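**Q** Structure incoming, see below.
Residue numbers (mature numbering (1 follows the signal peptide of the UniProt record, and there is no 0)): -17 to -1, 1 to 213.
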């Protein structure tokens, strides 16, 4: 779980503007007056979603990762395509038929709109949901700086360019992470906390207690190969 905590912190480091348009920095207590229950509401919706489907924790973490790698953590991944206006990032190669959990983000936004209409940005929701996904899965929690503004544009071309591909070699991966200000060490920590693929588990038939064998029991044959678990 420490790796997962590192992963989320690195996600927020990737290409992130730490200042608002007016030059003021992100803040730990940004919504204390305008929406004081924001973190409680986000945690409640995330907890319910993960309780219903444990895989959702990894999916929400991945949404934040894929959002931050394109234009910074600005919620651009949530924008749907509009013909002639926006080419949404959801249809990028590494997101299409893979990125999931949008309905949970919508549920969080709906709950917040009832509590404090038009106050909390979707970019901040993604940051909080990623943190809470780790926490409700048994990992640590931590304070999140808030005050991000949602992008009005998406960039599918940049998503195709920036997101690390499944066929990347080590050189490609190091370059992709360096492009958003992350080191090779950061890459290893983020990759380790990001996903686990059932197809890559090769147990030792002579030792059923080996880690790979134990993990394969939790990720049996036939499980979705694109599952991202926490």
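By construction, the Cβ of each residue, glycine as well, lies at the ideal position given by its N, Cα and C atoms. These numbers were taken from a predicted model, which means no experiment stands behind them.
May I ask whether a heavy atom of the ligand PLP can be found less than 7 Å away from the beta carbon of residue 72?
**A** Because no ligand of any kind appears in the structure shown, any question about the ligand PLP cannot be addressed here.
**Q** Distance check for residue 165 and residue 111, CA to CA, integer angstroms please.
**A** Residue 111 and residue 165: Cα-Cα distance of roughly 21 Å.
**Q** List the DSSP bridge partners of residue 129.
**A** The partner list for residue 129 (beta bridge, DSSP) reads 10.
**Q** Reducing DSSP to helix, strand and coil, say where residue 69 ends up.
**A** In the structure shown, residue 69 sits in a strand (DSSP, three-state: E or B).
**Q** Identify every run of the alpha helix (DSSP H) within the region 25 to 79, keeping only runs that are complete inside it and at least 4 residues long; order them along the chain.
**A** Those alpha helix (DSSP H) runs which fall completely within the region 25 to 79 and span 4+ residues are 38 to 51.
**Q** If the criterion is Cβ atoms closer than 8 Å, does the pair residue 101 and residue 42 meet it?
**A** No; because the gap between Cβ atoms is not below 8 Å, this pair is not in contact.
**Q** If you reduce the DSSP assignment to three classes, tell me which class residue 182 lands in.
**A** Residue placement at residue 182 is flagged as unreliable, the pLDDT there being 41, under the threshold of 50; the coordinate-derived value follows with that caveat. The answer is helix: DSSP assigns residue 182 an H, G or I state.
**Q** Could you check the C-alpha separation between residue 33 and residue 169 for me, to the nearest Å?
**A** Their backbone Cα atoms lie some 27 Å apart in a straight line.
**Q** Is the region 44 to 59 close to the region 68 to 82, with three or more CB pairs under 8 Å?
**A** Flag = yes, the region 44 to 59 and the region 68 to 82 touch.
**Q** Roughly how many angstroms lie between the CA atoms of residue 88 and residue 160, to the nearest whole one?
**A** Their Cα atoms are separated by approximately 26 Å.
**Q** How about the region 15 to 29 and the region 131 to 145: do they share at least three Cβ pairs that are nearer than 8 Å?
**A** No, because fewer than three Cβ pairs between the region 15 to 29 and the region 131 to 145 fall closer than 8 Å, the two stretches do not touch.
**Q** Can you give the Cα-Cα distance for residue 63 and residue 124, rounded to whole angstroms?
**A** Their Cα atoms are separated by approximately 31 Å.
**Q** Span of the alpha helix (DSSP H) holding residue 154?
**A** Segment 153 to 161, the alpha helix (DSSP H) holding residue 154.
**Q** How would you label residue 145, buried or exposed, when you count the other beta carbons within 10 angstroms and need 16 or more for buried?
**A** When all chains shown are included, residue 145 counts as buried.
**Q** Under the three-state reduction of DSSP, which class applies to residue 115: helix, strand or coil?
**A** Looking at residue 115 - three-state DSSP - the assignment turns out to be helix.
**Q** Helix, strand or coil for residue 102 per DSSP?
**A** Residue state, collapsed to three classes: coil.
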